[in-house]
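Residue numbers (our numbering): 67 to 487. Below: one structure, written as structure tokens.
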């Protein structure tokens, strides 16, 4: 009896997500922060859609904050699974893949904030379950609204959408930096509240901020003051590049003060790990035709030849949907697999906090300035795969850019220890 009842929440959540993605309706409570812009047009259909590998937790729209978590489906209704590797990469597997296991004693006193929409009442208990499963210890975890209060939270995120995004983000920060303090910043359904949450996280002392959301097709999310909330000196801002493949990008990842985080497909064979470009990773040139007028000017620290605007992305990590990463979410009934660049941004924010080097960040500058020898040593080169068709250009194709290493979807690579961060 109890076993049957446990399937109800994830089944309804999966059906609700399916209805949203199909343009239908659902009697599930609407997730706070679900975007209301025009539906996103895919210039390239990513494999996660084409092959029915995953479903977007939030409706994918333009011009408004859109969460980027994708729930792994394996072609069917989003399944519950075991917290073992069959569900997705575990915390220990992610640590091993990026060679940070020996550094995991670091991060104490470092504060990482994740910016989300809507209140996830179960966030603390969900995180405790994840950390207990993987032996990460008790979390230093605090939840705030966009005004920095530990009360008066925004309306509930419901049973899907931003709820899944929130649990994913706090799990990934925990996996990368178990000793870090995590601030969950919960915003209301408006860009003004997202901006307030960014500002308040810094006021509260966070030095590394992760944003697993995007305003597709808009560099400023409809507010020309938007960049001012991502440019505090001494703060490392990370943002996912999107899950809509080549030439579908937007703020905040296209801002030159933000580390634009692309995605890889991580694969494991025995004790060995390999990576290729994840087909869904957002990448491209942040020109006016792609992200709205006037576009984003070329940062002084970027010198690639085929883009006169900001080139997206800078660096990357696991985002692939085969198998994704294991996440615990009680409103779904337990464990599920999650993928997308939403995985990579909080993971890399955690790696940065583990190193304790946030104060040195100026967007993605340090990755673009790494010398060839250090690139080879400190980052895994992503040299195969693409996220679309761009005439063989590095903007969408791996193995073609500077040093045969840089590509739009993979950036300069993924972490090999925390040295580059």
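Heads up, the beta-carbon is just placed ideally off N, CA and C, and yes, glycines get one too.
Might you give, ordered along the chain, the residues of its own chain that have their beta carbon closer than 8 Å to the beta carbon of residue i, omitting 5 neighbours on each side?
i, result
"residue 488", "Because the chain in this structure spans residues 67 to 487, residue 488 falls outside the shown range and cannot be described."
"residue 304", "274, 275, 276, 277, 324, 325, 327, 411, 412, 414, 415 and 418"
"residue 197", "203, 204, 205, 240 and 244"
"residue 7", "Past the edges of the chain, shown from 67 to 487, lies residue 7, and the structure says nothing about it."
"residue 337", "162"
Going by beta carbon distance, what residues of the same chain come within less than 6 Å of residue i, once the five residues before and after it are set aside?
i, result
"residue 245", "173 and 174"
"residue 119", "387"
"residue 433", "380, 381 and 478"
"residue 160", "241"
"residue 421", "484 and 487"
"residue 188", "396"
"residue 252", "182, 185, 211, 219 and 220"
"residue 115", "none"
Going by the CB atoms, is the gap between residue j and residue i shorter than 8 Å?
i, j, result
"residue 323", "residue 293", "yes"
"residue 471", "residue 343", "no"
"residue 249", "residue 208", "yes"
"residue 169", "residue 463", "no"
"residue 237", "residue 393", "yes"
"residue 268", "residue 247", "no"
"residue 389", "residue 399", "no"
"residue 148", "residue 401", "yes"
"residue 367", "residue 444", "no"
"residue 454", "residue 110", "yes"
"residue 409", "residue 234", "yes"
"residue 427", "residue 302", "yes"
"residue 128", "residue 106", "yes"
"residue 117", "residue 137", "no"
Alpha carbon to alpha carbon, how far is residue j from residue i? Give it in angstroms, no decimals.
i, j, result
"residue 275", "residue 381", "16 Å"
"residue 179", "residue 232", "11 Å"
"residue 456", "residue 373", "12 Å"
"residue 199", "residue 480", "26 Å"
"residue 370", "residue 468", "8 Å"
"residue 192", "residue 396", "6 Å"
"residue 204", "residue 195", "10 Å"
"residue 154", "residue 333", "11 Å"
"residue 177", "residue 222", "25 Å"
"residue 425", "residue 364", "23 Å"
"residue 446", "residue 220", "40 Å"
"residue 126", "residue 270", "31 Å"
"residue 230", "residue 206", "20 Å"
"residue 436", "residue 317", "25 Å"
"residue 226", "residue 131", "16 Å"
"residue 473", "residue 254", "35 Å"
"residue 461", "residue 331", "17 Å"
"residue 465", "residue 341", "13 Å"
"residue 391", "residue 354", "35 Å"
"residue 459", "residue 291", "33 Å"
"residue 356", "residue 313", "7 Å"
"residue 423", "residue 339", "26 Å"
"residue 152", "residue 135", "19 Å"
"residue 224", "residue 405", "20 Å"
"residue 108", "residue 171", "42 Å"
"residue 272", "residue 300", "10 Å"
"residue 452", "residue 295", "32 Å"
"residue 260", "residue 156", "30 Å"
"residue 217", "residue 429", "32 Å"
"residue 448", "residue 335", "17 Å"
Can you list, in chain order, the residues of its chain whose CB lies under 7 Å from that of residue i, leaving out five sequence neighbours each side?
i, result
"residue 352", "285, 315, 320, 361, 362, 375, 376 and 378"
"residue 112", "309, 310, 311, 345 and 346"
"residue 158", "200"
"residue 167", "161"
| query | Mind pulling the beta strand (DSSP E) runs of 3 or more residues that sit fully within the region 328 to 410? | reply | 338 to 343, 381 to 384, 391 to 395 and 400 to 405
| Counting Cβ pairs closer than 8 Å, one from the region 206 to 218 and one from the region 383 to 399, do we hit at least three? | no
| On the three-pair Cβ rule with 8 Å, is the region 231 to 245 touching the region 281 to 292? | no
| Looking at C-beta atoms only, is the number of pairs between the region 263 to 272 and the region 433 to 444 that lie closer than 8 Å three or more? | no
| message | Runs of 4 residues minimum, wholly inside the region 241 to 292: which ones carry the alpha helix (DSSP H) assignment? | response | 257 to 269
| task | Please specify which runs of the alpha helix (DSSP H), each continuous and at least 4 residues long, are wholly inside the region 168 to 232, giving them in chain order. | result | 189 to 199
| Ordered list of alpha helix (DSSP H) runs contained in the region 104 to 172, each at least 4 residues | 113 to 116 and 157 to 163
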